[in-house]
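Under the working numbering, the first residue of the sequence shown is numbered 51, with each subsequent residue one higher.
Even glycine gets a Cβ: it sits at the ideal position worked out from N, Cα and C.
Down below is the structure, laid out as structure tokens.
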Amino acid sequence: MSKCRICGGAVQEFFDFGRQPVSDTFITPHDIGTEHFYRLAVGFCTSCSMVQQAEEVARERMFPSDYPYRSSGSSVMRRHFERTARHFLETELAGPDPFYVEIGCNDGIMLNSIGGAGVRHLGVDPAAEAAAVARAGGSRVRVAFFEEATAAAVRLADGPADLVFSANTISHIAYIDSVFAGAAALLAPGGAFVFEDRYLGDILAQAYFDQIYDEHFYLFSVRSVQAMAKRFGFELVDVAHLPVHGGAMRYTVARAGERPPAPAVAELLAQERRRCLAEPSTYKDFATTIDSNCEQLKALLGSLRAEGRTVVGYGATSKSATVTNYCGIGPELIPFICDSTPEKQGRMTPGSHIPIRPPAAFRDPYPDYAVLFAWNHAEEIMAKEQDFREAGGKWILYVPEVQTV
Ligand code: DWN
Ligand code: SAH
Ligand code: ZN
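What follows is the structure, given as structure tokens:
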């Protein structure tokens, strides 16, 4: 058993994916064999229930200056963050001269809406090339990893922040004590630290096992975030369940005693107790489902190949690294994955070495089947690719179960 990164309690490992590559390291053909591998294993803390990985990958490996993910690749996510920006402009940023800081701003998908409203703002992100896109959108970005030292420098240069916001990033940071220390140093009195991340309750309910990969060091629940906030001098004062990325949760924390917790916190804690999110049996069942789904997916792809059917992948996601490498799926079963991100096209998936091609390759000609690795964007993608279905094509989904639709 390892020690919990949050509370020091005993972490009970519940799944080991074995040797896995850094998920966003999409390589060129002559980089084959240069990928970094590590042991991807995940456990839950028997004290604070935080789900966390056994091994930490160096942040510089996961988030280099040419980090290829671009948040704006989804119109659904662009609309989500436009709505989110409007919400904060009417609430946390409604004061006379508000200052907004965003951790993990990536290409400015949220930051540009805040800056565009004339609000003083600063993004913080080590992915220099994504930051350049945000700057081209009119935003200020400090290319750095947010931690206590960064926060102190920002406070010195720009003053206290009314809102520190982050989406799909805080769970990526193993050294989260330094992040909370930074938030404490940076936040104005009465300020809020708000972060949204994929939700453990949905991952367990829908067996989203491929949400487990190097970048997702933690899988948050309301109970584990409440414990984490308390440990670092904050208090969880509001939660909101979101439909994005297969199910996410927005957590609002404030300095302890500064705001009364909203009823939603107690309501969702009660729901987690009813769903046994802190019970070992829940994770045992999850582990069984992971292996069963992976066996079924591999068997389905093998039989389609034996029948001479054509199968491609759709969406070269970080998630696909776990699926393809744990299930042993390579180009012999999926000859290529199409993806709309220019920075990924022409490269190959880490470890499994499946070539990544532009969306045009998907239609020329349509395959018989397409494995939807970007299942969290299913509605948007299936709407975009209606002609595929009309031409007789079928999608292969592997969460919550293996099925063709
Ligand atoms: O948590 C994270 C999320 C926010 O983004 C990060 N750790 C890294 C990354 O994870 P991911 O790669 O699993 O994210 P997505 O948003 O599921 O990736 C979707 C992929 O599919 C992108 O490469 C873009 C591509 N795509 C496409 O080809 N056509 C996406 C859409 C919507 C499309 O229509
Ligand atoms: N907020 C965007 C991007 C999420 S991807 C969205 O919701 O789509 C995670 C982002 O966090 C990447 O751009 C990565 O470079 C950044 N990141 C990782 N560690 C960070 C840290 N310590 N401080 C700031 N950004 C970080
Ligand atoms: Zn713990």
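Quick check on the burial criterion: 16 or more other C-beta atoms within 10 angstroms. Buried or exposed for residue i?
i: His5; result: Outside the displayed span of the chain (51 to 455) sits residue 5, for which this structure offers no information.
i: Ala349; result: exposed
i: Ala441; result: exposed
i: Arg136; result: exposed
i: Arg305; result: buried
i: Lys334; result: exposed
i: Cys326; result: exposed
i: Ala233; result: buried
i: Gly296; result: buried
i: Asp252; result: buried
i: Gly165; result: buried
i: Ala279; result: buried
i: Glu435; result: buried
Tell me which residues share the same chain as residue i and place their Cβ nearer than 7 Å to its Cβ, disregarding the 5 neighbours each side in the sequence.
i: Ala235; result: Glu198, Ala201, Ala202 and Arg205
i: Arg397; result: Phe76, Ile77, Thr78 and Ile406
i: Asp389; result: Gly365, Ala366, Gln395 and Ile406
i: Val72; result: Glu85, His86, Val107, Arg111, Met112, Asp264 and Pro400
i: Glu142; result: Asp212, Leu213 and Ala242
i: Gly59; result: Cys95, Thr96, Ser97 and Cys98
i: Gln62; result: Met51, Gly93, Phe94, Thr96 and Pro330
i: Arg359; result: Asp418 and Tyr419
i: Thr302; result: Ala242, Val244, Val287 and Asp288
Output yes or no for whether 9 Å exceeds the beta carbon distance between residue i and residue j.
i: Ala277; j: Ile340; result: no
i: Arg170; j: Phe138; result: no
i: Phe94; j: Ala328; result: yes
i: Asp66; j: Leu90; result: yes
i: Gln102; j: Tyr376; result: no
i: Val126; j: Val294; result: yes
i: Ser331; j: Cys98; result: no
i: Asn162; j: Ala184; result: yes
i: Leu269; j: Ser221; result: yes
i: Pro417; j: Gly443; result: yes
i: Met100; j: Arg55; result: yes
i: Val361; j: Leu351; result: yes
i: His427; j: Ser124; result: yes
i: Leu383; j: Arg355; result: yes
i: Arg300; j: Phe245; result: yes
Cutting at 6 Å between CB atoms, please list the residues of its own chain near residue i, excluding the five before and the five after it.
i: Phe282; result: Phe230
i: Ile446; result: Tyr419, Val421 and Thr454
i: Phe259; result: Ile340
i: Val151; result: Leu172, Ala211 and Val214
i: Ile223; result: Val229
i: Tyr92; result: The question names Tyr, yet the displayed sequence has Val at residue 92. Same-chain partners within the cutoff: Phe65, Gln103 and Ile262.
i: Pro381; result: Ile404
i: Ala181; result: Asp175, Val191 and Val193
i: Ala167; result: Leu139
i: Tyr88; result: Glu105 and Val107
i: Phe336; result: Leu254
i: Arg248; result: Gln261, His295 and Ala298
Could you tell me how far apart the beta carbons of residue i and residue j are, in whole angstroms, since I believe they sit closer than 8 Å?
i: Leu250; j: Ser271; result: 4 Å
i: Ala411; j: Phe386; result: 6 Å
i: Phe471; j: Met160; result: The chain is shown from 51 up to 455; residue 471 falls before or after that span and cannot be answered.
i: Glu393; j: Arg120; result: 7 Å
i: Phe423; j: Ser370; result: 4 Å
CB-CB under 8 Å to residue i, same chain, minus the five flanking residues each way: which ones, in chain order?
i: Ile82; result: Met398 and His403
i: Pro311; result: Glu285, Leu286, Val287 and Asp288
I'd like to confirm something about residue i: is its beta-carbon nearer than 8 Å to some heavy atom of ligand 4, or not?
i: Val449; result: Absence of ligand 4 is noted for the structure shown, with ligand 1, ligand 2 and ligand 3 being the only ligands found.
Check: Taking contact to mean at least 3 C-beta pairs separated by less than 8 Å, is the segment 106-124 in contact with the segment 175-195?
Finding: In the pairwise beta carbon analysis, the segment 106-124 is classified as touching the segment 175-195: at least three pairs are separated by under 8 Å.
Next item on the list: State whether the segment 402-409 contacts the segment 342-349, with contact taken as three or more CB pairs (one from each stretch) at a distance under 8 Å.
Entry: Note that the segment 402-409 does not touch the segment 342-349; fewer than 3 beta-carbon pairs, one per stretch, sit closer than 8 Å.
Next item on the list: Specify whether the segment 236-244 and the segment 204-222 touch according to this definition: at least 3 beta carbon pairs, one from each stretch, less than 8 Å apart.
Entry: A contact between stretches requires three or more CB pairs, one per stretch, nearer than 8 Å, and the segment 236-244 meets this requirement with the segment 204-222.
Margin query: Any contact between the segment 285-295 and the segment 309-318? By contact I mean 3 or more CB pairs, one from each, below 8 Å.
Written below: Contact holds: three or more Cβ-Cβ distances are below 8 Å.
Margin query: Below 8 Å, how does it come out for the segment 150-157 and the segment 183-196: are there three or more Cβ pairs, yes or no?
Written below: A contact exists between the segment 150-157 and the segment 183-196.
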